[in-house]
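Written out below as structure tokens is the structure these notes cover.
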Amino acid sequence: MAGRATYPVVTGTVLIEASGAALNNAGQDEGRRTDNAIVVKQLQIGRLRYPYVSGQAWRRWWREVLYTDFGWTPSPVTREAKSAYTEGNPIDYAEDDLFGYMAARKRGKDSDTYRRVSPLRASLLVSVFPNVIVSDFGHFSRNLPPGSDIIPFESEVYSTYLQGVFSIVLSEVGRFAVGAMADISPELAQKNGSRLRKAAVNPNQAEIYELPVRDRVQRVCEALQALARLRGGARLARNLSDVTPVAVIVGFLDGGNAPFQNLFVSDPVNAEQVLLNLERFRSVLSDYTDRFLKVNNDKAVLLGLRPTVLANENEVREVIARKERPFDRVELLDSPRRALERAAELVEQAYASIG
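Right, dumping it as structure tokens:
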């Protein structure tokens, strides 16, 4: 890539193995045979049904790991009659910085609305396999009075692989526009003058302030490391499932797209197995060759696999080992966690490329 990056991002795809899970539910289905029937969230295309987890749900899992494992302080929430909002302070709260907010304050001295578009963006986590949803029946019968009828209930579960993409816009992390309907108030910028530097902007634009690069790098690094420890989901007491990624592809590029989408597919020969679609992966790598950032000795794409997950694992390893274009831009790591940790190590190099 010639010159300096104008819109650098770290972006990737994750593959999660959900075994006998019900990670994100849509609530009660009144049309079922039992009065208490809970269904999972699902997409339907023709006769095919794909369970999914909402972007909101796994972003929440992600935040919870940042709280517990990395010491991020939750941004305080104010509840009003018809709204709720966080502190809207991305300087003190990394959560507000990376995950964004809409702080529509209706009362008090600071009553303007401030909003921050999240630099961390996430898709749905969608099943690779269709039609994997099954009904699970249970009943409550413990210690009921003699002669009482049991109380039946019904819920949905699935065993599948879920894939989704994420993107963190590096130039937006720790960078705040000042003014109403922008990121922060003039008062907050003034209060934190010793922690911020004023960025050069055009005269007709809002004032922009930035945190030191070391703080911006740290926040992105911890977000990537937290993804390697992802945990959460609904109904874990009865459907315990590990949502730590079993395969990841992470890349650094100049541009707002998230190109590593739908790279995992079901095996057309054995529909119970998952493949990395090398033909599609090759096409993406070729199209984005001139937009990868100059990091990691030009190996700006990282791939980490849990052994035995991919049916074509041997082929994937052989293709990358040959280092033929465009797979010469890919570094293969020995696990998904190591790939995300390696990505975190490269964040500082990526910031050096920002124009």
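Per the numbering used here, the sequence shown runs over residues 277 to 631.
Using N, Cα and C, we set each Cβ at its ideal position, and we do this for glycine too.
Note that this is a predicted model, so its numbers are computed, not measured.
Item, Value
"Assumed close pair S359, A380 - CB separation to whole angstroms, cut-off 8 angstroms", "6 angstroms"
"Selection from P284, G440, F346 that minimises the alpha carbon distance to Q332", "G440"
"Buried or exposed (CB count within 10 angstroms, at least 16 for buried), L319", "exposed"
"Backbone CA spacing between G296 and V393 [nearest angstrom]", "35 angstroms"
"C-beta atoms of L464 and I367 nearer than 9 angstroms", "yes"
"Alpha helix (DSSP H) runs wholly inside the stretch 404 to 492, at least 4 long, in chain order", "462 to 467"
"G423 versus G288: straight-line alpha-carbon distance, rounded", "57 angstroms"
"Same chain, Cβ closer than 6 angstroms to D377, neighbours up to 5 away in sequence not counted", "The sequence given here has Tyr at residue 377, not Asp. Correct list, in chain order: T362, G364, R392."
"Supposed contact pair G508 and R336 - C-beta distance, whole angstroms, cut 8 angstroms", "7 angstroms"
"8 angstroms Cβ shell around D372 - same chain, five flanking residues per side excluded", "S351, T362, E363, G364, N365, P366, R392"
"Closest Cα partner of A370 within the set P479, R339, P521, N480", "R339"
"Straight-line gap, E356 to W348 (C-alpha atoms, nearest Å)", "25 angstroms"
"Residue span of the alpha helix (DSSP H) that contains T344, given as start and end", "331 to 346"
"Alpha carbon of L487 to alpha carbon of P535, nearest angstrom", "29 angstroms"
"Beta-carbon contacts of S611 that lie in its chain and below 8 angstroms, excluding the five residues immediately before and after", "G580, L581, R582"
"Residue span of the beta strand (DSSP E) that contains R605, given as start and end", "That residue, R605, is in no beta strand (DSSP E); it is neither H nor E in DSSP."
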